[in-house]
Each structure stands twice: as structure tokens, then as C-alpha cells.
Amino acid sequence: MKDMNMETRVLIQPNKIEARNVQVYYGDNHAIKDVDVDILDKTVTAFIGPSGCGKSTFLRCLNRMNDTIASCRVEGLIKIEGEDINDPRVDPVQLRAKVGMVFQKPNPFPKSIYDNVAYGPKIHGLTKNKAELDEVVESCLRRAALWGEVKDRLSAPGTSLSGGQQQRLCIARAIATSPEVLLMDEPCSALDPIATAQVEELIDDLRSQFSVVIVTHSMQQAARVSQRTAFFHLGYVVEYGETSQIFTNPKDPRTESYITGRIG
Amino acid sequence: MKASSLLTQDPRTKKRNSAEKRFRGLGLTAIVIALAMLVWLLISIVTAGSPAFRQAFLTFPVLVDQTIVDKAGTRDPALLSAVTTLGYGKLLANSLRAEIAAKGIDLGDLKPKEIAQMISEESAATLRDLVLADPSLIGTTIPFTALASGRIDGFYKGRVTMETAALDKNTSPAQLILADRLLDADILSVKFNTGFVTMPDASDKRPEAAGLGIAVVGSFMMMLVVLLLSLPIGVAASIYLEEFAPKNRWTDLIEVNIANLAAVPSIVYGILGLAIFINFAGLPQSAPIVGGMVLTLMTLPRIIIPTRAALKAVPPSIRDAALGVGASKLQTVFHHVLPLAMPGILTGMIIGLAQALGESAPLLLIGMVAFVRDFPGGLFDPATALPVQVYSWTTRGDPGFVERASGAIIVLLIFLVVMNATAIYLRRKFERRW
């Protein structure tokens with residue numbers, strides 16, 4: 338597998354997301370503790386860590402998906418381009434159009450492939466007419482490397498695709514609203530190695546336009562696709578930095594133990 | 019010898035296997051008993067009720083005699099309507115006697131009054147309506163099909179025999195012998211009885227004329243009211259409780275109460291409807307609108323429960339997906355969750371409607387058991403309902419009504435089967451994979 342991050346790494350990018358002192362509680366359970374993370378624009382940032390360490394929870398804070406969980410309470414400051422996303426004036430609907438999300442299990446709508454991609458632009462009124470919408474659907478499917486496989490059956494149900502195709506369809510759906518940040522919650526955990534490789538390649542392409550944040554259980558995947566990596570452990574961010582540094586020269590002994598397979 | 023062999027079962031395994039065998043046997047017996055009961059029920063209803071769909075008719079030309087129906091010869095509507103069904107009965111009897119004489123059929127020792135007794139009193143009323151609607155018929159001879167009386171009708175369905183006729187003051191063996199001769203002469207015929215589902219109810223003495231018409235119309239109107247009220251209210255309440263309401267003590271309380279309401283005996287809803295809709299709101303008694311609203315109250319919890327279950331069964335990943343692309347809560351529910359829950363909602367809806375259709379107890383309390391002869395023109399006119407009609411027929415003395423009640427049960431069952439089949443069809447049609 339080719340190593341994408343070393344030579345193509347963009348070192349100097351402005352901060353897209355700034356998280357300061359973020360705390361998340363599920364009822365009485367303190368799940369995320371004092372997390373400070375800056376996410377760079379046009380960069381792939383990986384969150385790694387053992388199960389239950391809070392990496393998915395933190396990811397879901399970034400587009401306020403945690404709002405849908407009644408017992409969940411988020412504290413601290415999360416800014417996207419300088420704007421506090423937890424400000425009472427922010428409508429999560431607008432935020433989620435700006436911060437797209439791809440989930441662990443491919444979850445296409447039980448509608449046609451076309452409608453899956455067209456849904457976001459439709460509800461946000463991004464296109465004026467059918468021709469424009471067709472264009473958006475095609476370009477998104479192309480960018481998700483799915484166009485060639487589905488262009489003759491756009492009216493087939495999205496659920497009729499294979500797992501890897503479904504996940505790429507979900508990515509196409511997520512980028513159809515032209516988000517600025519793309520959150521991916523273990524996007525490859527339900528996929529076979531070939532589909533995984535396709536999705537990883539896609540993630541690397543997406544980096545040219547979006548800031549991508551990916552949660553993964555696979556350290557190899559983090560090393561392959563990301564430029565920056567954060568290691569979560571027991572709700573804390575133990576270490577955050579350049580992917581190459583995290584994997585070759587971790588500063589914290591806990592990071593080293595995790596990477597070498599002693600904890601997790 | 020080996021300690022254990024796979025080829026022989028040890029005592030524990032034997033015990034477990036025989037326990038399983040016993041359980042299978044019990045389950046199979048239970049199913050066989052249930053099926054046998056069902057078959058028995060169906061056979062008894064069909065054998066008792068199918069005669070209601072056949073009917074003995076007397077077909078003969080009727081001379082609309084001006085000397086009886088319009089003595090003055092003025093065609094004055096006021097004078098015409100002064101002639102009661104008794105006069106028209108005489109007309110029918112005279113014409114039947116004339117026809118018998120013309121065909122040369124042996125009357126035996128039957129008196130004219132006994133011949134008149136063979137024609138249903140209902141037919142005189144039918145003829146009267148016909149003549150009043152078209153006075154030009156007076157003085158002419160018209161072909162007419164009259165209902166045979168209940169006893170003659172029963173003779174052809176095995177309900178009346180020579181022996182019972184000898185003891186019955188409403189008929190005599192001589193009438194039955196004449197009926198057989200009329201049958202040979204093609205004056206009397208036994209045909210399919212469309213009147214059973216189109217005619218209104220008839221009085222105690224005329225089972226041969228009793229029909230389900232008003233009950234069918236009344237039930238249909240009530241189902242319309244139930245559908246129009248309970249579908250939007252039930253679905254809206256379910257969506258709110260399932261998707262929008264905060265989960266706290268109040269919503270828990272509401273949830274428990276909805277579950278309890280579904281188990282409240284239906285007659286309690288009848289008392290509630292009587293108190294609120296009739297005594298307090300002053301709506302008319304026996305009206306389909308009140309019946310429909312009472313049944314709506316009864317059906318609502320029974321619709322809300324399956325609808326909430328159907329909403330709950332939609333995978334959360336679909337909600338996440340919709341919210342993730344920036345759909346609002348309302349868009350998520352209406353674009354994605356509701357379509358996926360539709361088969362479950364429709365099934366619950368139709369099963370709720372079917373229960374409402376078969377319900378009689380609450381309707382008795384709001385007066386829908388009344389004897390209604392005029393077809394309702396709207397939701398506020400008196401009507402009856404199918405199950406109530408079954409109930410009221412079974413309480414009447416004439417054995418002809420027993421057959422009618424069973425026939426009405428068949429009609430009710432057909433409606434229920436059609437509704438349940440629709441539920442299954444809709445479920446299949448809307449079911450989608452995710």
C-alpha cells in the first residue's frame with residue numbers, strides 16, 4: 338500500500354476547527370475530558386485510540402450530532418472558522434450542511450442512487466433546476482469514484498449496491514452539500530480490503546477540497562491516509578501531532594504502548 | 019468398555035430430547051384444536067347463514083285495480099296515498115288468485131285469505147310505493163315479483179316442514195303443497211337475494227324482507243369518520259411522542275395511559291360517547307357521526323401503539339444519515355422515517371379499523387340499535403351498523419331472523435377479510451429493504 342502522507346504533506350494550513358477545553362457528559366459519565374484540538378484545512382486528521390476512548394463522541398461534537406442524544410451534554414468551545422458552533426444562534430441544520438458526515442455502517446437512504454445524492458442539494462436549495470442538479474449529482478458521484486459503476490442505473494435503489502459502493506455513495510451524498518469539513522466515523526470498518534483501499538484513495542483525493550477528519554480503529558489506515566493524528570485514551574487527547582511523528586517517535590509512553598499493541 | 023459413546027444417548031440427553039418431543043406435541047395439538055374450532059365456526063356460520071342469500075319469490079302479473087286504489091278515479095295524490103298497504107295487499111292477492119286460476123292449478127281447500135297469507139306483507143308496501151311514484155300504472159297490468167312470506171321461504175330452506183306448518187297459525191300444510199305446485203308452474207322461484215344487502219331492516223313479522231342495506235351504509239359512514247379522524251390524529255400523536263417529545267416523567271405517564279386505554283372495555287367508550295357527544299354536545303342519537311367518533315376514541319390507542327412501534331423499528335442509521343446531510347428534524351421524519359414506517363402504520367390502521375367495524379357494545383349505548391327504515395342521507399341521520407344488526411336480529415322471535423343474523427355475520431366476515439387482505443397487500447407493496 339502506498340504511503341500517501343509523506344511527500345504530499347501540506348505543512349502550513351490555517352486552522353479550520355479549533356476545539357478548546359471540550360467536555361462531554363453522558364448523564365453522569367464524563368466521556369470527553371479537556372480536549373484541545375486544532376484541525377487544519379485541506380488536511381486529513383485521524384483520531385485513533387481504543388474502543389470507548391471518546392474519539393467518535395468528539396467527532397460527533399463537531400457537527401452537533403450529539404444533540405440527538407438526550408442525555409448528552411457538551412461543554413467547552415468549538416469554533417469553525419472562528420464561529421462558535423454551540424452558540425444558541427447556530428442552527429445545527431446549517432452547521433451540518435457545512436460539516437458533512439459519513440458513518441461507520443453504510444447507510445444510504447432506501448431511495449434511488451440519484452435521489453441519495455440529490456437529497457442534500459434539494460433540501461438546502463443549492464440548485465436552481467433539474468439540469469444543475471443532474472450536474473451536481475454527476476460531479477459528486479465522479480469525485481466519489483462511483484460514477485463509472487452506477488451511471489447506467491441511477492434509478493436503482495442505493496441499497497442494491499455492494500457495501501463498498503454504498504459507502505462511496507454515502508461519501509458522494511455527504512459532499513453534495515459542498516461542505517467544508519467532512520467527518521468520517523470509521524468509514525471502512527464494514528468494508529473488505531479492496532473497498533477499503535478505494536475509499537482511502539478517495540479520502541486522499543478529497544483532501545484537496547475539504548478538511549477531512551477520520552476516526553479509525555486501524556493504525557495502518559491512520560498512517561496511510563492522514564497527515565495529522567490525535568491519540569485518544571480514556572477521554573483525553575494523549576498526543577496530537579504529525580502522523581509520522583506519532584507513529585515513529587511518540588512522545589507519550591501511552592501512545593507508544595497503544596501503537597505497539599500493548600494497550601487497547 | 020468406553021466411558022461414553024456418541025452412538026448411544028446418555029440419560030440426560032434422552033431426558034432433554036423427550037422434553038422437546040413433548041413440547042412439540044403440545045404445540046401441534048394446540049394448533050390442531052385451534053384450527054378445528056375455526057373450521058367448525060366457519061362451517062356452522064356458512065350453513066346457517068348461506069340461506070339468507072337465497073329467497074323465494076312469487077312472479078305474476080298484477081292488475082292495478084282502479085276500484086281499489088283510486089275509487090274516485092281522480093288520480094289525486096292525496097286520495098291515492100290514503101289507500102294503505104292493506105288495499106295493495108288485496109290487489110296482490112286478487113292477482114295471484116287470478117294467475118293460479120289462469121294456469122289451472124288445483125287450490126285444494128285453501129281460502130282466499132290463506133292464499134293472501136303466502137305473499138309477504140312487505141310486497142304490498144313495495145307495490146304501493148311503485149304506484150304512488152307512477153300513478154299512470156293504475157288500471158294497467160304490470161309484471162311484478164313479490165316476496166313469498168317468511169314461512170313459504172323457510173319451507174324451501176328446510177326451516178319449515180309439513181309437521182311444523184301443521185302447528186303454526188301463520189301457515190298450513192295446504193299452503194306448502196300449493197307452494198310446490200306454484201314452483202312447478204314457475205310462479206314461485208328461489209333466486210339469489212340481492213335485497214339482503216340492499217334493503218333496510220324489516221319488522222318482526224317480516225324476516226323475508228329484512229336486509230342489511232342501512233347497516234352497511236351506516237358501518238361504511240362510521241368507518242369513514244374513524245379513518246378521517248383517527249389516521250391524522252393517531253399518526254400525528256405517534257410521531258410527536260416518538261420523535262419530538264422529550265423523554266421525561268410526563269411522556270412516560272402518557273405512554274402508560276395510552277397502553278391502558280387500549281385495554282379499556284369498549285362499552286366504557288360507549289358511556290363516554292353518550293355523556294360527551296350526545297348529552298353534552300347535543301349531537302343526535304343513532305347517528306353515524308357519533309358512532310364514528312366513539313369508535314375513533316376506542317381505536318386511537320390501538321392505532322398509536324403499532325404506529326409508534328413502526329416508527330421505532332426504523333433503523334437509527336437512516337435518521338443519522340438524514341440529519342448528517344443537514345435535514346431538519348421534520349424533514350428527517352417526513353422524508354425518511356415515515357415512508358419506511360408506512361407498511362407498519364397502514365397495517366396497524368387497518369387492523370384498528372377492522373376492530374372498529376366489528377364493535378357493537380359502544381354503539382348500543384349511543385342508540386345505533388334503533389329500528390331504522392329510511393336510508394341515512396348524511397352523517398347526522400339515524401343508521402345502524404353491521405354488528406349491531408346481527409345483535410338485534412338474534413334477539414327477535416321469528417326463526418327467519420336467525421338465518422338473517424348468520425347471513426349478516428358472513429357479510430361482516432367478508433368485509434373483515436377484505437380489509438385484512440388489503441393490510442397484507444399494502445404491507446407487501448410498501449415494504450422496503452434497508
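Protein chains in written order, with our numbering: chain A, 338 to 601; chain B, 19 to 452.
Each residue gets a CB set at the ideal place from its N, CA and C atoms; glycine is no exception.
Just so we're clear, the structure is a prediction, and the values are computed from it rather than from any experiment.
Q: Examine chain B for any beta-carbon lying closer than 9 angstroms to the beta-carbon of residue 540 of chain A, and answer yes or no.
A: Here residue 540 of chain A refers to the residue found at position 203 when the first sequence is read from its first residue. Not an interface residue.
Q: Check each residue of the region 328–358 of chain B: if its Cβ is closer than 7 angstroms to any Cβ of chain A, include it; give the result in chain order.
A: 335, 336, 338, 339, 341, 342, 343, 344, 345, 346, 349, 354 and 358
**Q.** residue 132 of chain B to residue 49 of chain B span [Cα, whole Å]
**A.** Numbered from its first residue, the second sequence carries residue 132 of chain B at position 114. Numbered from its first residue, the second sequence carries residue 49 of chain B at position 31. Answer to the nearest angstrom: the Cα atoms are 54 angstroms apart.
Q) Pairing CB atoms from the region 356–364 of chain B with CB atoms from the region 263–283 of chain B, are three or more of them under 8 angstroms? A) no
Q) Expressed to the nearest angstrom, what Euclidean distance is found between the alpha-carbon atoms of residue 343 of chain A and residue 428 of chain A? A) The residue labelled residue 343 of chain A in the question sits at position 6 within the first sequence. The residue labelled residue 428 of chain A in the question sits at position 91 within the first sequence. The predicted position of residue 343 of chain A is uncertain, since its pLDDT is 49 and thus under 50; a value taken from the coordinates is nonetheless stated next. Looking at the two C-alpha atoms, the distance is approximately 38 angstroms.
Q) Does the distance from the C-beta atom of residue 309 of chain B to that of residue 386 of chain B stay below 9 angstroms? A) By 1-based counting over the second sequence, the position of residue 309 of chain B is 291. By 1-based counting over the second sequence, the position of residue 386 of chain B is 368. Cβ atoms of residue 309 of chain B and residue 386 of chain B: closer than 9 angstroms.
Q: Could you work out which residues of chain A lie near residue 265 of chain B, taking near to mean beta carbons separated by less than 8 angstroms?
A: Start at 1 with the first residue of the second sequence, and residue 265 of chain B comes out as number 247. Ordered by position in chain A, the residues that pass the 8 angstroms Cβ test against residue 265 of chain B are 407.
**Q.** Residues that residue 578 of chain A bridges to, as DSSP identifies them
**A.** Walking along the first sequence from the start, residue 578 of chain A turns up at place 241. According to DSSP, residue 578 of chain A bridges with A:566.
Q: Please state if the CB of residue 508 of chain A and the CB of residue 439 of chain A are separated by a distance shorter than 9 angstroms.
A: Translated into positions along the first sequence, residue 439 of chain A becomes position 102. Translated into positions along the first sequence, residue 508 of chain A becomes position 171. Yes. Within cutoff.
Q: Report yes or no: is there a C-beta of chain B within less than 9 angstroms of the C-beta of residue 354 of chain A?
A: By 1-based counting over the first sequence, the position of residue 354 of chain A is 17. No, its Cβ sits nowhere closer than 9 angstroms to a Cβ of chain B.
Q | Close beta carbons around residue 339 of chain A, own chain, < 7 angstroms, minus the five adjacent residues each side | A | Counted from its first residue, the first sequence places residue 339 of chain A at position 2. With a pLDDT of 48 at residue 339 of chain A, under the threshold of 50, the modelled position of this residue cannot be trusted; read the value that follows with caution. Counting only Cβ-Cβ distances below 7 angstroms, and skipping sequence neighbours, we find nothing.
Q) Does the separation of the CB atoms of residue 294 of chain B and residue 239 of chain B fall below 9 angstroms? A) Position 276 of the second sequence, counted from the first residue, corresponds to residue 294 of chain B. Position 221 of the second sequence, counted from the first residue, corresponds to residue 239 of chain B. Contact: no.
Q: Pick helix, strand or coil for residue 373 of chain B, following the three-state DSSP scheme.
A: In the second sequence, residue 373 of chain B corresponds to position 355, counting from 1. Correct three-state label for residue 373 of chain B: helix.
Q.
Give me the subset of the region 502–530 of chain A whose CB atoms are less than 9 angstroms from a CB atom of chain B, sorted by chain position.
A. 507, 510, 511, 513, 514, 516 and 520
Q: Please determine if the region 160–172 of chain B and the region 224–234 of chain B are in contact, where contact requires at least 3 C-beta pairs separated by less than 8 angstroms.
A: yes
Q.
Please confirm whether residue 425 of chain A has its beta-carbon closer than 9 angstroms to some beta-carbon of chain B.
A. Indexing the first sequence from 1 puts residue 425 of chain A at position 88. It does not: the Cβ of residue 425 of chain A has no partner Cβ on chain B nearer than 9 angstroms.
Q | Whole-angstrom C-beta distance between residue 448 of chain A and residue 569 of chain A, which should lie under 8 angstroms | A | In the first sequence, the residue the question calls residue 569 of chain A occupies position 232. In the first sequence, the residue the question calls residue 448 of chain A occupies position 111. With a Cβ gap of about 35 angstroms, residue 569 of chain A and residue 448 of chain A do not count as contacting.
Q | Proximal chain B residues relative to residue 536 of chain A, where beta-carbon distance stays under 9 angstroms | A | Numbered from its first residue, the first sequence carries residue 536 of chain A at position 199. Correct list: empty, because the minimum Cβ distance to chain B is about 17 angstroms.
Q) Using a beta-carbon distance below 9 angstroms, is residue 434 of chain A in contact with chain B? A) For the purposes of this step, residue 434 of chain A is taken as residue 97 along the first sequence, with counting starting at 1. By this cut-off, residue 434 of chain A is an interface position.
Q.
Less than 6 angstroms between C-beta atoms, sequence neighbours within five positions excluded: which residues of the same chain meet that for residue 347 of chain A?
A. On the first sequence, residue 347 of chain A is found 10 positions in, with the first residue counted as 1. Residue placement at residue 347 of chain A cannot be trusted, given a pLDDT of 49 that sits under 50; the coordinates are not used to answer.
Q: Could you tell me if residue 383 of chain B is buried or exposed, where buried requires 16 or more neighbouring beta carbons within 10 angstroms of its beta carbon?
A: Position 365 of the second sequence holds residue 383 of chain B. The residue is buried, with at least 16 neighbouring Cβ atoms inside 10 Å.
Q) To the nearest angstrom, how far is it from the Cα of residue 128 of chain B to the Cα of residue 143 of chain B? A) As a working mapping, residue 128 of chain B is identified with position 110 in the second sequence. As a working mapping, residue 143 of chain B is identified with position 125 in the second sequence. C-alpha separation (whole angstroms): 24 angstroms.
Q. From this set, B:188, B:283 and B:398, which residue's C-alpha is nearest residue 416 of chain B's C-alpha?
A. Taking the first residue of the second sequence as position 1, residue 416 of chain B is located at position 398. If we check each option's Cα against that of residue 416 of chain B, B:188 comes out closest.
(Q) My output table needs one value for residue 398 of chain A: the three-state DSSP class, helix, strand or coil. (A) Taking the first sequence and counting its residues from 1, the one referred to as residue 398 of chain A is at position 61. Three-state DSSP puts residue 398 of chain A in a helix.
Q) Are the region 422–442 of chain B and the region 373–381 of chain B in contact at 8 angstroms, needing three or more beta carbon pairs? A) yes
Q. Residues of chain B with a CB under 9 angstroms from the CB of residue 552 of chain A: which are they?
A. Here residue 552 of chain A corresponds to residue number 215 of the first sequence, with the count starting at 1. Neighbours of residue 552 of chain A on chain B: none; closest Cβ ~14 angstroms, over 9 angstroms.
Q) residue 409 of chain A lies in the beta strand (DSSP E); which residues open and close that run? A) Against the first sequence, residue 409 of chain A aligns to sequence position 72. That run of the beta strand (DSSP E) goes 409–417.
**Q.** Residues near residue 527 of chain A in its chain [Cβ-Cβ closer than 7 angstroms; skip 5 each side]
**A.** Translated into the one-based positions of the first sequence, residue 527 of chain A becomes position 190. These residues qualify, in order along the chain: 441, 442, 443 and 500.
Q. Can you give, in chain order, each stretch of the alpha helix (DSSP H) that sits fully within the region 413–482 of chain A and has at least 4 residues?
A. 429–435, 450–461 and 467–480
Q.
Taking the alpha carbon of residue 211 of chain B as the reference point, which residue from B:67, B:78 and B:243 has its own alpha carbon closest?
A. Counting from 1 along the second sequence, the entry for residue 211 of chain B is found at position 193. It is B:67 whose Cα lies nearest to the Cα of residue 211 of chain B.
Q) Can a CB atom of chain A be found closer than 9 angstroms to the CB of residue 444 of chain B? A) For the purposes of this step, residue 444 of chain B is taken as residue 426 along the second sequence, with counting starting at 1. Not closer than 9 angstroms to any Cβ of chain A, the Cβ of residue 444 of chain B fails to qualify, so no.
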